[in-house]
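Everything on this sheet refers to the single structure shown next.
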Amino acid sequence: MKPNIGRVDALCRITMGFTILAWSTSKLVKRPNDNVPLFAAVCGSMKAAEGITRFCPLTYLAEQKMETMQDHACHHDSHSE
């Protein structure tokens with residue numbers, strides 16, 4: 080698993096992830112059966128984990144898709160000549 084996000088991006092993800100996680104945890108203490116803070120807690124923890132590992136699965140998928148599209152375009156261009 081090779082890091083695919085930069086240091087500043089990672090720090091932003093850690094900060095925002097823990098902020099969202101703290102907010103959602105405080106809301107869940109008041110109303111434990113509410114689904115919105117639970118969903119926010121999951122999203123916040125995922126963002127914090129992405130920042131700590133410096134790996135984002137969505138960025139990885141987007142990069143793979145772009146490579147596939149570029150390879151397809153190169154093969155298409157070479158066949159048209």
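Take the position in the sequence shown, starting the count at 1, then add 79; the result is the number in the working numbering.
Beta carbons: idealized from backbone N, C-alpha and C, even for Gly.
For Met-80, does the three-state DSSP call read helix, strand or coil?
-> coil
Do the CB positions of Glu-146 and Asn-83 come within less than 8 Å of each other?
-> no
Residue nearest to Ile-99 in terms of C-alpha spacing, selected from Asp-113, Val-108 and Gly-123 | Gly-123
Distance, Cα to Cα, Thr-94 vs Ala-120?
-> 14 Å
Using a Cβ-Cβ cut-off of 7 Å (strictly less than) and excluding sequence neighbours within five positions of Pro-211, which residues of its own chain qualify?
-> Lying before the first or after the last residue shown, residue 211 is absent from the chain, which here runs from 80 to 160.
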